Amino acid sequence: MWEWFDRFVILFAVWFLLLFLKKTKAKKGDFDLFLFVVAFGAYVVFHRLEMAELPLEYLEIFFYAGFLYTVLMFDIKALSQSDKTKEKLKSLQKEHDELKDRSELLRRRFITMLDLFDEGVMFRTEDNRMFGTEKMLSVTGIEEHEFSYEDFLGHLHPDDRRAYDEAVSKCSKKKPEYQTHYRVKKHGVYEWVKENGVRMDYEKRTMYIAIVRGLDVRRYPKTDVDLLNRLSIDQALLEALQKYNRSREPYTLVLFELSNIPRINENYGRDIGDLMMGKFLNKLVYHFLKDSEAIFRLSGIRFAMVIRDHRKYEMLKRALEQGGELVNFSMTFGEVKESVYPYFGIQYIDYFDEPVDEILGRGQKALNIALDDNTPENYFIIK
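Each position in the sequence shown, counted from 1, maps to that position plus 21 in the numbering used here.
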């Protein structure tokens with residue numbers, strides 16, 4: 022039969038093992054540890070070292086009371102739950118790594134897709150960090166894909182920085198879109214750029230995404246000014262009038278002149294003048310014509326268009342009577358704010374047997390009357 026101290030040593034070892042499991046697995050057992058230390062100290066001091074007379078029965082009762090408390094408070098489920106927690110953590114880590122890989126793959130695919138666009142794409146995050154695609158860099162002359170908003174403004178013409186910042190700052194949740202023009206320094210010279218952007222709000226964060234395209238009228242095929250390069254000359258207008266007369270269907274011939282374009286060219290350069298003319302012509306095509314084949318350029322600032330839909334002519338007439346953009350068409354390019362002042366000579370054609378040069382000559386006279394200072398309106402209609 023074992024001696025008492027041998028039995029105590031074995032039980033202390035078992036107790037210690039229970040405490041170890043409880044502390045490492047269940048993260049509990051401070052009071053159990055306290056009882057163990059007191060019991061073990063009492064055993065060593067009072068029994069093993071015999072430093073005091075203490076009946077063994079008292080020591081045994083104290084020891085078993087502490088041991089029994091640990092056993093009763095030992096939660097087997099906590100051990101298994103701890104293992105399950107580790108398994109869950111490993112599973113979550115695996116899912117996180119897989120999600121991270123998918124997100125990175127999606128990001129790379131998205132960036133690659135953006136490079137397929139004809140226009141440059143630019144992003145701005147809530148901390149004013151910006152990212153531009155390869156085509157955006159080629160349009161603006163910026164060298165790095167990632168840059169700050171301050172660096173971007175510094176790349177703009179000094180006269181256009183405030184206007185650009187105001188255009189973007191005016192965006193709101195109700196009106197998130199913006200459009201602006203500005204000059205960027207590219208290869209040592211400033212070139213005009215058009216930017217269409219939108220504000221995005223998500224979880225109290227504000228971001229911007231924009232399409233950036235160059236406005237070099239000599240080589241940019243999709244600018245509004247491209248319409249100027251494709252307009253037919255006056256000989257084509259005469260041939261078109263002959264075709265319309267042969268069809269015996271009434272039409273309206275509208276001659277118009279953008280009178281202040283020479284002054285705009287002189288003050289700001291021909292690029293700005295061409296851009297404003299292109300914008301105005303596109304507006305006319307959009308509202309009153311089916312396509313740009315029915316609009317003709319007679320001289321630098323004088324044009325003609327043929328309206329075959331009588332409802333469109335009535336719309337044009339009402340627009341001229343009410344004023345608005347057909348009287349004062351305004352545009353903003355950076356700090357440049359200008360208006361185009363058009364004048365119209367209009368005649369309705371329902372007689373098809375007279376020479377087309379006479380029709381055109383009568384239209385020129387109507388336009389000259391509209392240009393006369395004594396004419397109160399900016400248009401004259403031949404009755």
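Built from N, CA and C at the ideal position, the CB exists for glycine as well. This structure is a prediction, so every number in the text was calculated from the model and none was measured.
Review point. At a cut of 8 Å, does the stretch 344–357 reach the stretch 373–383 through at least three beta carbon pairs?
Key: no
Check your understanding: Going by other Cβ atoms of all chains shown within 10 Å of its Cβ, with 16 needed for buried, is residue 215 buried or exposed?
Key -> buried
Check your understanding: Does the count of Cβ pairs from the stretch 276–283 and the stretch 321–332 closer than 8 Å reach three?
Key -> yes
Review point. Is it buried or exposed for residue 238, if we count other Cβ within 10 angstroms and need 16 for buried?
Key: A caution first: residue 238 carries a pLDDT of 42, below 50, which makes its placement in the model too unreliable to give a value.
Exercise for review: Determine the DSSP secondary structure at residue 350, reduced to helix, strand or coil.
Suggested key: strand
**Study point:** Limits of the alpha helix (DSSP H) - the one that residue 334 falls within
**Key:** 331–343
**Study point:** Alpha carbon of residue 141 to alpha carbon of residue 120, nearest angstrom
**Key:** 29 Å
Point to revise | Residue nearest to residue 265 in terms of C-alpha spacing, selected from 198, 169 and 374 | key: 374
Check your understanding: By how many angstroms is the C-alpha of residue 222 removed from the C-alpha of residue 186?
Key -> 18 Å
Practice item. Please work out which residues of its chain come closer than 6 Å, Cβ to Cβ, to residue 403, disregarding the five sequence neighbours upstream and downstream, and give them in chain order. Key: 368 and 387
**Study point:** Inter-residue spacing [alpha-carbon to alpha-carbon] between residue 304 and residue 317
**Key:** 15 Å
**Study point:** For residue 41, three-class secondary structure by DSSP
**Key:** helix
Check your understanding: Where does residue 186 fall in DSSP's three states?
Key -> helix
Exercise for review: Give, in chain order, every unbroken run of the beta strand (DSSP E) that is at least 3 residues long and sits entirely within the stretch 291–334.
Suggested key: 316–318 and 323–328
Exercise for review: Can you grab the Cα-Cα spacing for the pair residue 306 / residue 359, in whole Å?
Suggested key: 21 Å
Review point. If you scan the stretch 169–233 from start to end, which runs of the alpha helix (DSSP H) of 4 or more residues do you find wholly inside it?
Key: 170–176 and 182–190
Practice item. Check whether the Cβ atoms of residue 329 and residue 272 lie closer than 8 Å to each other. Key: yes
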